[in-house]
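Engineer: Handing you a structure now.
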Amino acid sequence: MNVLLIGSGGREHAMAWKIAQSSLLDELYVTPGNPGTVRHGRNVDLDLKDEKALRKFLLDKRIRIVVVGPEAPLVDGLHDRIAADPKLKEVTVIGPTSSGARLEGSKDFAKEFMFRHNIPTAAHRTFVKGQLQEAVDHLERMTAPYVIKADGLAAGKGVVITPDKKEAAKTLRDMLQNGKYGEAGERVVMEQHLQGVEVSAFLITDGDSFKMLPAAKDYKRISRGDTGPNTGGMGAVSPVPFAEKDFMQKVHDRVAAPTIRGLKKEGIPYRGFVFMGLMNVSGEPYVIEYNVRLGDPETQAILPRMRSDLLDLFEGIATGTLSERHVDVDDRTAVTIVLASDGYPGKYEKGHPIASLDLVRDAYVFQAGTVRSGEQLLTNGGRVMSVTGMGKDLESAIASAYRAAAIVAYEGKYMRDDIGHDLVKKPTVRAGAVSR
Ligand code: AMP
Ligand code: GLY
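Positions in the sequence shown are counted from 1; adding 755 to them yields my numbering.
In structure tokens:
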């Protein structure tokens, strides 16, 4: 079958790599793609908002499956437009319609949804434009640190967590009064702060049944020891040692199952991935956020561990037979390190030549912010690429990933040097114990 994959990051390179391995695949097209996805399919330029051009492309190329990598086209109704077109009856979109995409597109919707379906999450209150005073008054009833979120999509910049009540009040003014967060901030969610460790869990669903995918830990901050500004993600590890079987069973029973049941009950058709951003609070899962897509860079750690054919799962979604398919996972560990441009997530330079990529062995390279200029590959973004190393245990996967990451060379290369280190089991030395 012919597939169109939408996106251009490391996540989409990993998805293209995985889809290309399927015996069910005839042609893979990626839009816009990147210099890495070219190895697995054909990059095409398509304006997703140009309905006529999109319809013509899908029909001409006989596309059966459209896989949407990022959330924006889903929130924007791409699935709805394809589903409403009688000429495109044969096309299945992997990714929800705009009503399902509200799980990511509106934090208030997501919180109310969880509340309706008894899914564990931090207690919250929502305030809209015109309720600034009520929102500021509410700070008095909260305890620090204060968690304040713009309701809409804000490219990862819509969450402010601060121990300082004055700063919290200023954030509320910026969102509800000064328009600093645009439309996304005209509605604000204030919530209880959760203390714990974060883990990203994923499922794939046809709207009826679902399958859990491997979980991963993402490293969101720019600097070692989880310090400095938030980024899109600087590394990932899968599986996650503190999210073993018992915890994942709770995630399945208390979060994943009620989420899919809840969507169905509310008449929200949902086909695609659900990303559950969780906090492990003393062994209990709480949902921090939903995303309606896979994570980046989590995907680059998860897909190399999946033995099952991704396209077979997509076909299961297309035919409503996902329950008959299997997700088979390699129990080795995958460690992904993001290679960024110095300065990211702030200002950074572009256009530096990238060398030695072809010398990387025994690890996967997934490109993101790269561009080809003739024969030369150049840096072209904040997150330039990621490398994934595999190992029988965490230590060997870390070593493999860093060996590969050291080979790639370009001016301004920046990576965290501690991905996975917090998860390595420290030897427990008991007083009086004899060490061997
Ligand atoms: P979000 O965009 O909702 O994922 O929030 C961004 C980050 O803020 C999360 O990855 C968490 O690290 C943190 N965060 C969000 N909500 C909470 C909360 N209620 N308690 C503690 N940390 C939170
Ligand atoms: N790595 C976090 C995300 O994809 O949202």
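Glycine included, C-beta positions come from ideal geometry on N, C-alpha and C. Remember, it's a predicted structure, so these values are computed and weren't measured experimentally.
1. Among the residues of its own chain, which have a CB less than 7 angstroms from the CB of Pro-1059, if the five just before and after it don't count?
2. Quick check: is any heavy atom of the ligand GLY less than 6 angstroms from the C-beta of Gly-791?
3. Ala-1123 and Arg-1138: beta carbons closer than 7 angstroms?
4. Quick check: does the Cβ of Gly-1050 come within less than 6 angstroms of any heavy atom belonging to the ligand GLY?
5. For Gln-1055, name the three-state secondary structure that DSSP assigns.
6. Compare the C-alpha of Glu-767 against each of Glu-826, Ala-808, Arg-817, Leu-809 and name the closest.
7. Are Ser-861 and Ile-1023 closer than 7 angstroms when you measure CB to CB?
8. Pairing CB atoms from the segment 1044-1055 with CB atoms from the segment 973-988, are three or more of them under 8 angstroms?
9. Count the other CB atoms within 10 Å of the CB of Thr-852; is the residue buried (16 or more) or exposed (fewer)?
10. Mind reading off the beta-carbon distance from Phe-1030 to Tyr-1045? Whole number of angstroms is fine, and I expect it under 8 angstroms.
11. Do the segment 893-912 and the segment 936-954 make contact, defined as three or more Cβ pairs closer than 8 angstroms?
12. Please state whether the Cβ-Cβ distance between Tyr-1169 and Asp-1097 is less than 7 angstroms.
13. Can you find a heavy atom of the ligand AMP that lies under 6 angstroms from the Cβ of Leu-949?
14. Relative to the C-alpha of Ile-1092, which residue among His-879, Ile-849, Ser-993, Phe-1002 is closest?
15. Per the DSSP calculation, Met-1034 is bridged to which residue(s)?
16. If you measure between the beta carbons of Leu-759 and Ile-849, is that distance less than 7 angstroms?
17. Quick check on DSSP: helix, strand or coil for Asp-1008?
18. Would you say Gly-990 touches the ligand AMP, meaning its beta carbon is less than 6 angstroms from a heavy atom?
Structural biologist: Let me lay it out:
1. On the sequence shown, position 304 is the one that residue 1059 refers to. The residues Ala-1089, Tyr-1119, Thr-1143, Met-1145, in chain order, have a CB closer than 7 angstroms to that of Pro-1059 in the same chain once the five nearest residues on each side in sequence are set aside.
2. Locating residue 791 in the sequence shown gives position 36, where the first residue counts as 1. Remark: the C-beta of Gly-791 is outside contact range of the ligand GLY, defined as less than 6 angstroms to any heavy atom.
3. As a working note, residue 1123 is residue 368 in the sequence shown. As a working note, residue 1138 is residue 383 in the sequence shown. Pairing Ala-1123 with Arg-1138 gives a Cβ-Cβ distance under 7 angstroms.
4. For the purposes of this step, residue 1050 is identified with residue 295 of the sequence shown, where counting begins at 1. Yes; taking the cut-off as 6 angstroms, the Cβ of Gly-1050 has a heavy atom of the ligand GLY nearer than that.
5. As a first step, residue 1055 is located in the sequence shown; it is residue number 300 there, counting from the start. In this structure, Gln-1055 counts as helix in the three-state DSSP scheme.
6. The residue labelled residue 767 in the question sits at position 12 within the sequence shown. Selected option, being the one with the closest Cα: Glu-826.
7. Within the sequence shown, residue 861 is the residue found at index 106, counting from 1. Within the sequence shown, residue 1023 is the residue found at index 268, counting from 1. Going by C-beta atoms, Ser-861 is not nearer than 7 angstroms to Ile-1023.
8. With contact defined as three or more Cβ pairs closer than 8 angstroms, the segment 1044-1055 and the segment 973-988 are in contact.
9. Taking the sequence shown and counting its residues from 1, the one referred to as residue 852 is at position 97. Counting Cβ neighbours within 10 Å, Thr-852 comes out buried, since at least 16 surround it.
10. Here residue 1030 corresponds to residue number 275 of the sequence shown, with the count starting at 1. Here residue 1045 corresponds to residue number 290 of the sequence shown, with the count starting at 1. In this structure Phe-1030 is in contact with Tyr-1045, their Cβ atoms being roughly 7 angstroms apart against a cut-off of 8 angstroms.
11. A contact is defined here as three or more CB-CB pairs under 8 angstroms, and the segment 893-912 meets this definition with respect to the segment 936-954.
12. By one-based count along the sequence shown, residue 1169 stands at place 414. By one-based count along the sequence shown, residue 1097 stands at place 342. Contact: yes.
13. Position 194 of the sequence shown, counted from the start, is the residue given in the question as residue 949. Result yes, Cβ under 6 angstroms from the ligand AMP.
14. As a first step, residue 1092 must be located in the sequence shown, where it is residue number 337. Nearest option by C-alpha distance: Ser-993.
15. As a working mapping, residue 1034 is identified with position 279 in the sequence shown. Looking at the DSSP assignment, Met-1034 forms a beta bridge with Glu-953, Tyr-1041.
16. To locate residue 759, count along the sequence shown from 1; it is residue 4. To locate residue 849, count along the sequence shown from 1; it is residue 94. By the CB criterion at 7 angstroms, Leu-759 and Ile-849 fall outside the cutoff.
17. For the purposes of this step, residue 1008 is taken as the residue at position 253 of the sequence shown. Three-state DSSP puts Asp-1008 in a helix.
18. Sequence index remark: in the sequence shown, residue 990 carries index 235 (1-based). Incorrect: Gly-990 has no Cβ contact closer than 6 angstroms to the ligand AMP.
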